[in-house]
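This report refers to the structure that appears directly beneath it.
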Amino acid sequence: LLWWCSTDSRLKEPELFQNVSEGLRRLYRTKLFPLEDAYRFHDFHSPALEDADFDNKPMVLLVGQYSTGKTTFIRHLMEQDFPGMRIGPEPTTDSFIAVMHGDQDGVIPGNALVVDPKKPFRKLNAFGNAFLNRFMCAQLPNPVLESISIIDTPGILSGEKQRISRGYDFAAVLEWFAERVDRIILLFDAHKLDISDEFSEVIRALKNHEDKMRVVLNKADQISTQQLMRVYGALMWSLGKIINTPEVVRVYIGSFWAQPLLVPDNRKLFEAEEQDLFVDIQSLPRNAALRKLNDLIKRARLAKVHAYIISSLKKEMPSMFGKDSKKKELISNLGEIYHKIEKEHQISPGDFPNLAKMQELLNGQDFSKFVALKPKLLESVEDMLANDIARLMALVRQEETNAPSQTVQGGAFEGTKSGPFGHGYGEGAGEGIDELEWVVGRDKPTYDEIFYTLSPINGKVSGAAAKKEMVKSKLPNTVLGKIWKLADVDKDGLLDDEEFALANHLIKVKLEGHELPPTLPDHLVPPSKRGTALQA
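Just so you know, we're using my numbering here: the sequence shown kicks off at 1 and counts up by one.
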């Protein structure tokens, strides 16, 4: 372990950590947990963190109404069935299923799962038997699961009756998972866009985790382009009313299963959207340490505010008589107490817990057991936020540099990696990659006509003459400058007929909405320059 104690003042450095997970675990145990424990943070907000919370793989939580394709989405990612999987148009998945990596196929029931110290689920015990009977872990050897774990959830129902009959607080369970996962994917069906009351309640419960949220509009191949535009607009409008943020949430449109597209008109759109979503999911292992650090900072800020609230309530309580009436008065005036703390300690209003929820939780508490403000505990958390977190940030960057290839592998992620079905293959600058003939040669006669109007000298046109023609494309100079560098293969500051044709081809590529390559691909090098380009 890279830390030591010494009487020598030079060696009294802050403790060093071997890795980010160990650093977060130690900071939580020594600096944040004592504050949480003293002010009963775990009774109000979130259970204490376990060692497994700091060591576990990134997790993806799938949430959606029934029959939006959540389980099918998981199967699509892994390209393999998992134990306990059920798919159908009716509400089939009635359990929370943690799909995780294991050496062999198997299912671990909820009650056994919450006593396993290696799994990050021990604190789910608090939700009781009704929930644990509806919770299990499906283990299987799959390359995708070597990097991430996926949580499948029961389909959200639309009727009040089914909501009540769950037997456990569904929104609270999802909130528990939301705090610990790296990505929350909300799935919507392009056919059934209505957002039920329970779904609205669930999205509101995920309020402080908008940064983890992504939206998937699934089954989009079943409707026409015109209908899809309307559905997309309706979805954004509905989400805008529930997610109260000025930023627009990212929506991925597509058909996430391995079946032919019913309406293939939007194939290219679906491919681009799927690719973007895959890149987002693949980045999770690389950003996992940063996410855990971010979540610990969020938790520490809430714990600080909570300590101020509880100590303020303790301070206002009488020592002898009238405790009950004073408690009721304090709860009803909690908004004023928030405002007072906000001013006194310069705390942002966004850091305070939900007022109505806090009032409800305080009703069941014994205020006489609350403790007064302990400055040392708060100073310890302040020191953690001001100094230790900054050192851990440096370690996060170091870990990212040392392991840059951390990415999700296998399953559907392999299908579009390379070859003719790779994303963007044979398009834009990649057009003609498999052809024997030079692809620019097709349009060269047209470009030659323009070339000879520019009065070439010794078969070449000057930069000034070429510029007059190239600016007609209306592309900015930064882009035209890059095109010039790519087209001037022999770097002589002049363009011959082939290089001029290449410059026009690259202008066409850019005008069609494709990106320019950083270096000229081999198949675009003019035939007469191929030997010299290779030598260069």
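For each residue, glycine too, the CB sits at the ideal point set by N, CA and C.
Spatial neighbours of residue i within its chain, please: CB distance less than 8 Å, with the 5 preceding and 5 following residues excluded, ordered by chain position.
i, result
"L378", "L35, K304, A307"
"M619", "The question about residue 619 has no answer here: the residues shown for the chain are numbered 1 through 536."
"S238", "L193, I195"
"L361", "D43, F44"
"D276", "Y252"
With a Cβ-Cβ cutoff of 8 Å, do residue i and residue j count as a contact?
i, j, result
"G322", "D189", "no"
"L516", "L480", "no"
"E590", "H514", "Nothing in the structure corresponds to residue 590, since the chain is present only between 1 and 536."
"V216", "F256", "yes"
"M85", "I151", "no"
"P109", "A52", "no"
"G335", "L355", "yes"
"A429", "V525", "no"
"M229", "I184", "no"
"S147", "Q398", "no"
"L511", "S462", "no"
"F278", "I253", "no"
"S348", "E179", "no"
"V173", "F127", "yes"
"A300", "M384", "yes"
"S20", "L395", "For the record, residue 20 in the displayed sequence is Val; it is not Ser. Yes. Within cutoff."
"E431", "R286", "no"
"A38", "K374", "yes"
What is the rounded straight-line gap between the Cα of residue i and the Cα of residue j?
i, j, result
"L293", "K315", "33 Å"
"Q282", "K357", "36 Å"
"L296", "Y28", "8 Å"
"K119", "D488", "59 Å"
"A112", "L187", "30 Å"
"I450", "F413", "45 Å"
"T453", "H505", "18 Å"
"D231", "T407", "Contrary to the premise, residue 231 reads as Val rather than Asp in this sequence. Near 33 Å, if we compare the C-alpha coordinates of T407 and V231."
"D522", "L145", "37 Å"
"T153", "E247", "26 Å"
"L32", "I74", "36 Å"
"V114", "C137", "10 Å"
"Q227", "D211", "29 Å"
"Q222", "P476", "40 Å"
"D197", "I242", "11 Å"
"K298", "S332", "27 Å"
"T71", "V99", "10 Å"
"G441", "I97", "57 Å"
"H209", "E175", "9 Å"
"K207", "A288", "21 Å"
"Q365", "N56", "33 Å"
"P518", "H76", "33 Å"
"G233", "K219", "16 Å"
"N458", "T478", "29 Å"
"F199", "G240", "14 Å"
"K161", "N129", "Residue placement at K161 cannot be trusted, given a pLDDT of 45 that sits under 50; what the coordinates show is reported in the next sentence. Cα to Cα, K161 sits roughly 20 Å from N129."
"K343", "Q259", "58 Å"
If contacts are defined as beta-carbon pairs under 8 Å, then residue i and residue j qualify, I think. What distance do you get, rounded to the angstrom?
i, j, result
"K102", "L140", "The sequence as given places Gly at residue 102; Lys does not occur at that position. About 6 Å; that satisfies the 8 Å criterion."
"A466", "A501", "Between A501 and A466 the Cβ distance is about 12 Å, and since that is not below 8 Å, they are no contact."
"L541", "Y66", "As shown, the chain starts at 1 and ends at 536. That puts residue 541 outside it, with no answer to give."
"R250", "D182", "Going by Cβ atoms, the distance from R250 to D182 rounds to 15 Å, so no, they are not a contact pair."
"K460", "D496", "5 Å"
"P341", "I310", "Checking the sequence, you will find Ile at residue 341 rather than Pro. So it is not a contact: roughly 11 Å between Cβ atoms."
"G350", "N142", "In fact, because the Cβ distance is near 39 Å, the residues do not count as touching under 8 Å."
"L61", "F177", "5 Å"
Apart from the five residues just before and just after residue i, which ones in its own chain have a Cβ nearer than 7 Å to its Cβ?
i, result
"F41", "A303, H306"
"E469", "I450, L454"
"P527", "W438"
"Y447", "F500, A501, N504"
"S95", "R134, F135, M136, P154"
"F352", "V305, Y338"
"V263", "D221, Q222, I223, S224"
"E235", "Note that residue 235 is Leu in the sequence shown, not Glu. Excluding positions up to five away in sequence, the list reads F188, L193, L217, V251."
"I87", "T71, T72"
"N125", "V114"
Measuring from the CB of residue i, is there a heavy atom of the ligand ATP at a distance below 7 Å?
i, result
"V279", "Judged by which ligands are present, the structure shown has none, so any question about the ligand ATP falls away."
Does any CB atom of chain B fall closer than 8 Å to the CB of residue i?
i, result
"P285", "The structure shown contains no chain B, having only a single protein chain."
Please return the same chain residues whose Cβ sits closer than 6 Å to the Cβ of residue i, not counting the five positions on each side in sequence.
i, result
"F54", "S21, L24, R25"
| query | Would the region 191-206 and the region 72-82 be scored as touching if the rule is three or more Cβ pairs under 8 Å? | reply | Touching, no.
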